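Worksheet: the structure to be examined is printed underneath.
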Amino acid sequence: MSESRSNFPARHGTPWNTEELQRLLVSIAEGVSLKKLTQTHQRSSGGIRGAIKRLLPSEFLEFNDINTVNDLSNYFNKIPRQEHNSIINNLISLSTAKTIAHDKVEIQKNSFKQNTPLPLCQPNTDFKDYIADEHDVIMLIHSAIESLSNKRHQYILLMRLGTDDSPHSLADIAVKLGISRERVRQLQERALGLLAAKSRYEGTPGACLKALINSIGNSPYDIAVWIYRIVHRDFVTSSELAAKFIIFAAGIPKARRDEIKNSLSLISQLQKQKLRERRAELAHAHAQERARIKKERVEFIFSKWLDNTHWPKYIAPPPPVEQLCSQRAVNDTDISGFFYSQKLGRTVQYESGLEFKIMNLLECCDQVLFYQEQPFSIPYCFKNKSKNTIQIYSLRQLMVGAYLWK
103 MSESRSNFPA RHGTPWNTEE LQRLLVSIAE GVSLKKLTQT HQRSSGGIRG AIKRLLPSEF
163 LEFNDINTVN DLSNYFNKIP RQEHNSIINN LISLSTAKTI AHDKVEIQKN SFKQNTPLPL
223 CQPNTDFKDY IADEHDVIML IHSAIESLSN KRHQYILLMR LGTDDSPHSL ADIAVKLGIS
283 RERVRQLQER ALGLLAAKSR YEGTPGACLK ALINSIGNSP YDIAVWIYRI VHRDFVTSSE
343 LAAKFIIFAA GIPKARRDEI KNSLSLISQL QKQKLRERRA ELAHAHAQER ARIKKERVEF
403 IFSKWLDNTH WPKYIAPPPP VEQLCSQRAV NDTDISGFFY SQKLGRTVQY ESGLEFKIMN
463 LLECCDQVLF YQEQPFSIPY CFKNKSKNTI QIYSLRQLMV GAYLWK
């Protein structure tokens with residue numbers, strides 16, 4: 103026994119007999135855990151699950167939705183305990199008949215193989231004169247898979263390819279076959295290698311697919327572009343696995359296969375980069391659209407407000423300059439200062455560089471007749487009595503016939 107199998111249980115791989123299967127079902131009905139079952143029967147957990155899937159009637163498993171040991175244990179818990187033995191005996195009789203029938207077929211096959219000389223390899227040549235195009239790729243791959251003699255290889259590849267528009271993972275297939283996920287992967291690689299070997303014979307689906315790929319050109323990049331388009335258009339499985347099916351089914355040599363894989367990786371990265379850029383452009387366009395809608399809403403509301411506002415027909419003239427007086431005492435700092443205003447005819451103080459720039463603009467603007475630094479006060483009278491001044495804490499500029507606050 104090899105070193106890699108030294109840790110396997112003693113009865114790993116040994117065929118199940120009727121008595122052992124009966125003991126297994128009785129133990130499951132009694133609620134024995136899977137870990138305890140592996141110790142009792144000296145088998146792996148995968149071997150026990152596989153025995154249930156293979157030996158029990160498929161109608162019984164499908165009708166009661168039983169896929170694991172726990173499912174079978176839950177089934178026994180739902181029925182009366184006194185019925186366990188009769189059900190187990192019935193299952194054993196059905197599984198025994200199933201096993202005997204299977205053994206007879208195997209014996210007949212083996213005797214036929216022993217008495218009949220092995221014929222020479224005569225691969226299917228139905229595609230000898232067939233001229234394929236890119237729409238025939240998935241059909242050629244299906245035909246190549248169906249030409250495999252090993253039914254388990256066929257089953258695994260078709261399940262991975264997604265014959266029912268629902269590709270299955272290695273773990274799903276492992277559960278269905280009652281073997282490990284790694285074993286399914288090994289069988290898949292073995293089957294793909296057989297597909298590549300069959301493509302060497304003229305007239306096979308693989309040879310037809312190889313001729314189609316060779317017609318594209320000698321550049322691995324051009325072939326990768328073609329494969330990338332096909333796998334995203336015609337296949338339901340992942341693009342990486344679909345490309346692998348095409349490459350192996352066509353029997354492309356390993357060196358060229360690696361070049362095509364590298365080109366496919368580069369194309370995939372470029373497409374992802376384009377997709378990210380496109381998403382960024384769409385996000386920017388959506389942001390601009392939201393900003394436009396928000397702006398239009400503000401304009402609509404403001405326009406409605408203006409339409410429903412009653413404006414006075416006569417606007418009073420601004421008060422005389424003498425009524426406005428500065429109420430500011432500017433501290434002596436590095437950014438404060440003063441300058442003489444020709445427009446106001448007096449000294450104007452400022453507290454910051456920004457305020458100085460604004461005052462300079464107001465000083466130079468011909469449309470501004472008067473401006474006043476903040477804060478300033480306005481004296482007023484109420485009932486012919488002089489009142490305290492109102493202080494305005496903002497810079498006000500006076501344009502032609504109107505006030506503007508800044």
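So the mapping is simple: the working numbering equals the position in the sequence shown, first residue as 1, plus 102. Think of the CB as a built atom: it goes at the ideal place given N, C-alpha and C, for glycine as much as any other residue. Here the structure is a predicted model, which means the values were calculated and not measured.
C-beta contact flag for T140 and R125 at 9 Å: no
First and last residue of the uninterrupted beta strand (DSSP E) at R448: 448-452
Contacting residues, own chain, Cβ-Cβ under 6 Å from A153 (five flanking each side not counted): W118
DSSP three-state assignment for S341, whether helix, strand or coil: helix
Rounded separation between E284 and A313 - CA only: 33 Å
Burial state of P307 (16 or more Cβ within 10 Å): buried
Buried versus exposed, by CB contacts within 10 Å (16 or more), W328: buried
R359 versus A326: straight-line alpha-carbon distance, rounded: 10 Å
Cβ-Cβ separation, S301 to A351 (assumed contact under 8 Å), whole Å: 7 Å
Distance CB(R287)-CB(L272) smaller than 9 Å: yes
N172 to A309 span [Cα, whole Å]: 47 Å
Contact under 9 Å by Cβ, L289 with I348: no
Own chain partners of F178 with C-beta closer than 7 Å, once the 5 adjacent residues on each side are dropped: I130, A131, H186
Q184, enclosing beta strand (DSSP E) - first and last residue: No beta strand (DSSP E) contains Q184, which DSSP labels as neither H nor E.
Identified DSSP bridge partners for Y442: T449
Distance CB(Y330)-CB(S370) smaller than 9 Å: yes
Q474 burial status per 10 Å Cβ neighbour count (16 or more: buried): buried
Delimiting residues of the alpha helix (DSSP H) encompassing L456: 455-466
Whole runs of the beta strand (DSSP E) within the stretch 366-399, excluding any shorter than 3 residues: none
Beta-carbon contacts of I275 that lie in its chain and below 7 Å, excluding the five residues immediately before and after: I258, M261, V286
P182 versus N166: straight-line alpha-carbon distance, rounded: 16 Å
Distance between T449 and W413 (C-alpha atoms, nearest Å): 37 Å
Integer Cβ distance of L158 from L193, believed to fall under 8 Å: 6 Å
Residue of E342, A431, R145 minimising C-alpha distance to L368: E342
Sequence-distant residues of its chain with Cβ nearer than 7 Å to L250 (five each side left out): Q256, A293, L296
Alpha carbon of K374 to alpha carbon of R380, nearest angstrom: 10 Å
Short Cβ contact (9 Å threshold) for V128 with I168: no
Where Y89 falls: helix, strand or coil (DSSP): The shown model of the chain, from 103 to 508, leaves out residue 89, and the question about it has no answer.
Boundaries (first-last residue) of the alpha helix (DSSP H) holding V327: 322-336
Endpoints, the alpha helix (DSSP H) within which E291 is located: 283-300
DSSP-derived helix/strand/coil call for G308: helix
Rounded Cβ spacing between G280 and R151 (contact assumed at less than 8 Å): 6 Å
Identity of the residue in N462, L456, G455, E457 nearest S443 by Cα: N462
Member of A344, R394, F472, S175 whose CA lies at the smallest distance from the CA of H270: A344
Three-state secondary structure assigned by DSSP to Q144: coil
Where the alpha helix (DSSP H) containing H45 begins and where it ends: Any answer about residue 45 is impossible in this case: the structure gives the chain only from 103 up to 508.
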